[in-house]
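Peer 1: Structure in structure tokens, see below.
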């Protein structure tokens, strides 16, 4: 009697970012959130009583704008580009140091060091 060999499918995409139709990573969330926002706005306008032609026209226009802008950002900045831009905006443009230089050059107070040594020897 022969044993059957088991074969397992290997997932070669482990560790890779999610991609759908060329959109990668956070752009998928921007895309989905933008289209969801357009859908909600269209529904609200329709419920309020705005003309259906205006509502549908505005919905199609905004949805196409979201799609175009998302793919444009994806093409321009790439997979991690938006996170890098957000991180760069959080960095200060320059550092201000207002302490005098002589304060760093002054010798340390020797009494502080002696008190530390005396206090550490008290427990012995």
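Numbering (my numbering), first residue to last: -15 to 108.
Glycine is no exception: its CB is placed at the ideal position from the N, C-alpha and C atoms.
Taking the DSSP output, what are the residues bridged to residue 7?
Peer 2: 4
Peer 1: Taking a contact to mean a Cβ-Cβ separation below 8 Å, would you say residue 54 touches residue 15 in this structure?
Peer 2: yes
Peer 1: Nearest by alpha-carbon distance to residue 17: which of -13, 41 and 46 is it?
Peer 2: 46
Peer 1: Mapping DSSP to helix, strand and coil, what is residue 74?
Peer 2: helix
Peer 1: Along the chain, where does the alpha helix (DSSP H) containing residue 47 start, and where does it finish?
Peer 2: 36 to 61
Peer 1: From residue 32 to residue 49, what distance separates their C-alpha atoms?
Peer 2: 23 Å
Peer 1: Among 75, 57 and 79, whose alpha-carbon lies nearest the alpha-carbon of residue 6?
Peer 2: 57
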